[in-house]
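Colleague:
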Amino acid sequence: MDYLYRVARASEDTQPQRAAEVYRALAERAIASRGRDNYHQAAIHLARARDLYRKLGEAAAWEQYMADLRARYSSLPALKDELKKANL
Numbered sequence: 709m710d711y712l713y714r715v716a717r718a719s720e721d722t723q724p725q726r727a728a729e730v731y732r733a734l735a736e737r738a739i740a741s742r743g744r745d746n747y748h749q750a751a752i753h754l755a756r757a758r759d760l761y762r763k764l765g766e767a768a769a770w771e772q773y774m775a776d777l778r779a780r781y782s783s784l785p786a787l788k789d790e791l792k793k794a795n796l
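Counting in the working numbering, the sequence shown runs from 709 upward without gaps.
#1: Around the Cβ of Tyr747, are there at least 16 other Cβ atoms within 10 angstroms (buried) or fewer (exposed)?
#2: Buried or exposed: Glu790, going by 16 or more other Cβ atoms within 10 Å of its Cβ?
#3: What residue range is occupied by the uninterrupted alpha helix (DSSP H) comprising Glu720?
#4: Just to confirm the assignment, what range does the alpha helix (DSSP H) spanning Tyr773 have?
#5: Roughly how many angstroms lie between the CA atoms of Leu796 and Ala751, to the nearest whole one?
#6: Assuming Ala728 and Tyr761 form a contact by the criterion Cβ under 8 Å, report the distance between their Cβ atoms to the nearest whole angstrom.
#7: Output the boundary residues of the alpha helix (DSSP H) element that contains Arg762.
Here it is as structure tokens:
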């Protein structure tokens, strides 16, 4: 299990903003690695980040981040598919 993932999981309750940032970084790293399996992992990390953003009352910031992410990776249909499957 990835060290950063363990840090994010451990800090969800005490430092949710930091945990959300780590999940976003993990997702970006997975996307950069390409491949459907990596996109699936990215979607899992992004779903956890989304939940933390909601918990923090920052849904608008989350929506903006996701809009930016979709725009940056608009040429990756498998990523779009995995995001859709995860209701992101």
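Just so it is clear, CB atoms sit at the ideal spot from N, CA and C, and this is done for glycine as well.
Modeller: The relevant details are as follows:
#1: buried
#2: buried
#3: First-last for Glu720: undefined, no H or E at that position.
#4: Ala767 to Arg780
#5: 8 Å
#6: 6 Å
#7: Arg744 to Lys763
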